[in-house]
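Enquirer: A single structure is presented below for examination.
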Amino acid sequence: MKLLLTILTILSSFLANLENKTLHSDFNVTVLEEVDAPMNYPGTLTMHGQCFKLEMFNIEAAYDGKTLYMYSPEMDELTLSNPTEQELVETNPLLYAKTVVDFCNVTEHASADGQQTIITLTPKDKSAGIDRFTLRVRNSDLLPLSLDIKEGKKSSTLKMNNPSFVKEEPKYIIEPDKNTYINDMRL
2 MKLLLTILTI LSSFLANLEN KTLHSDFNVT VLEEVDAPMN YPGTLTMHGQ
52 CFKLEMFNIE AAYDGKTLYM YSPEMDELTL SNPTEQELVE TNPLLYAKTV
102 VDFCNVTEHA SADGQQTIIT LTPKDKSAGI DRFTLRVRNS DLLPLSLDIK
152 EGKKSSTLKM NNPSFVKEEP KYIIEPDKNT YINDMRL
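Be aware that the sequence shown starts at 2, since it is given in this note's numbering, and climbs by one per residue.
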């Protein structure tokens, strides 16, 4: 019974850690569709609560709790916006995990070696847009190791490389240089 109660609290504890600590990790995203070869994208993520800084696809993104910053070095353009919740969760999959909990059935079980907890979220109805969301969390420190999202014939996997909680938080903004074109879409 004690093990069962411990496992059932892993998701809650993990989500609380995202609110109270600063997570940093390099990662790889693998996208697989039925007919295409897998596509792999490396990136870096730092986040605390809803605030985050993300580098991926040769794009830098940051969210400071109010403004979403999207910078394209190729175009030397910085777009500023007040994002919707949907835009935020599409940018940061860990925020997505927090939003889907309320409309999903949640199951948790220990990995074969007992070192990880595998949390599976399955939407209660099809309007969620996903079939399944699976999160692997290391039990010793509640750091995320991977996220898998299944949407019909498409699956996406985010594998964290050496995740850690860090003491020093970055500024969750992107500061342009004087020649950067600024596209300010905030209201």
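The C-beta atom is built at its ideal place from N, Cα and C for all residues, glycine as well.
Here's the rule: buried if 16 or more other CB atoms are within 10 angstroms of the residue's CB, otherwise exposed. What is residue 134?
Expert: Answer is buried; the Cβ neighbour count reaches 16.
Enquirer: Using alpha carbons as the reference points, say which of 45, 170, 106 and 114 lies closest to residue 92.
Expert: Ranking 45, 170, 106 and 114 by Cα distance to residue 92 puts 45 first.
Enquirer: Using the Cα positions of residue 62 and residue 28, report the straight-line distance between them to the nearest angstrom.
Expert: Going by the C-alpha atoms only, they are around 15 Å apart.
Enquirer: Which residues mark the beginning and the end of the beta strand (DSSP E) in which residue 54 is found?
Expert: Taken as a continuous stretch (DSSP letters only), the beta strand (DSSP E) holding residue 54 covers 52–57.
Enquirer: How far does the beta strand (DSSP E) with residue 104 in it reach, from first residue to last?
Expert: Premise fails: residue 104 is in no beta strand (DSSP E) and is neither H nor E.
Enquirer: With H, G and I counted as helix, E and B as strand and the rest as coil, what does DSSP make of residue 113?
Expert: Residue 113 falls in the coil class under three-state DSSP.
Enquirer: Is the CB of residue 26 under 9 Å away from at least one CB in chain B?
Expert: No chain B is part of this structure, which consists of one protein chain only.
Enquirer: For residue 19, count the other beta carbons within 10 Å of its own beta carbon; 16 or more makes it buried, fewer makes it exposed. Which is it?
Expert: So residue 19 ends up on the buried side.
Enquirer: Going by DSSP, which residues form a beta bridge with residue 43?
Expert: Partner(s): 29.
Enquirer: Keeping to the same chain, check which residues put their C-beta closer than 6 Å to that of residue 55; ignore five residues upstream and five downstream.
Expert: Cβ within range, chain order: 46 and 62.
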